[in-house]
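One structure is given below, encoded as structure tokens.
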Amino acid sequence: MPLSLTAHASKTLPTIAVCVAFILFTPPIIVSAAEPAQAITVQQVSASRSKWRSPASGKVRVLKPFSKPAQRWSAGHRGVDLATDSDNAQVQAPAAGTVVFSGKVVDRTVIVLEHPGGLRSSFEPVKDPLPEGTQVSAGQTIATLDPDIHHCEQGPCLHWGVRRGGDREDGSGKNAEYINPLTLLGRERPSILLPVDGSFTAG
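Residue numbers (our numbering): 1 to 203.
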């Protein structure tokens with residue numbers, strides 16, 4: 001027996017109402033505005049890295065690369081050793097910042113810069129460093145390599161470390177996180193060549 005118009009409507013209307021409610025109250029599946037923000041962040045990071053430069057003049061030659069320790073207290077090489085042109089080469093700021101430490105650490109003089117974004121760069125062994133509180137720009141001379149301390153067996157070199165989160169005035173401490181300084185020179189993984197003399201060249 002065919003359904004009456006009234007009975008058909010009574011069965012159809014609830015279904016229509018459910019569909020309308022689903023359409024009205026279900027969030028649309030679209031790409032949110034948060035996704036473009038990620039691209040902007042990547043661009044900002046790239047732009048920040050492009051402002052960094054080597055603290056040693058000339059082509060970057062790495063005598064000893066960065067080796068992150070498995071634990072904060074474990075052995076490792078918390079920075080890179082860069083070859084310099086001479087025993088008394090000028091040390092230049094790799095990026096704009098402020099001198100937050102300038103003094104002796106054990107047997108050598110160390111200078112530490114704090115950069116925008118919370119990163120801190122340390123350089124050793126140096127002499128005649130700029131005093132604490134000095135604001136510097138990228139490429140500005142901040143110290144001179146100390147010729148009396150031979151940090152590398154291969155020849156004169158500058159140790160450059162970068163870290164964030166250190167709770168001591170020199171940027172160190174149990175909360176310090178060390179990162180590879182070469183990643184700040186514009187490449188996530190810089191190409192490293194191994195010449196016959198045993199040094200490394202990052203190109």
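Here a beta-carbon is modelled for each residue, glycine too, at the ideal position from N, C-alpha and C.
Note that this is a predicted model, so its numbers are computed, not measured.
Of the residues assessed, Ser54 falls on the buried side of the cut-off, its CB having 16 or more other CB atoms within 10 angstroms. Ranked by Cα distance from Thr98, the options Arg108, Gly118, Asp87 are led by Gly118. Ala83 and Asn180 have their C-alpha atoms spaced approximately 16 Å apart. Setting aside the 5 residues that flank it on each side, Arg163 is surrounded in the same chain by Arg78, Leu119, Arg120, Ser122, Gly171, Ser172, Ala176, Glu177, Tyr178, Ile179, each with a C-beta closer than 8 Å to its C-beta; the list follows chain order. Cβ atoms of Ala89 and Leu130 stay farther apart than 8 Å, at about 16 Å. Scanning Ala93, Gly133, Leu63 for the CA closest to the CA of Leu184 turns up Ala93. Membership of His159 in the beta strand (DSSP E) is indicated by the continuous run 157-164. Between Lys64 and Asp81 a beta carbon distance of about 4 Å is seen, short of the 8 Å cut, so the two are scored as contacting. In the three-state reduction of the DSSP assignment, Leu182 falls in the helix class, which pools H, G and I.
Distance from Ala96 to Ser67 at the Cβ level is roughly 28 Å; contact not present, criterion being Cβ atoms closer than 8 Å.
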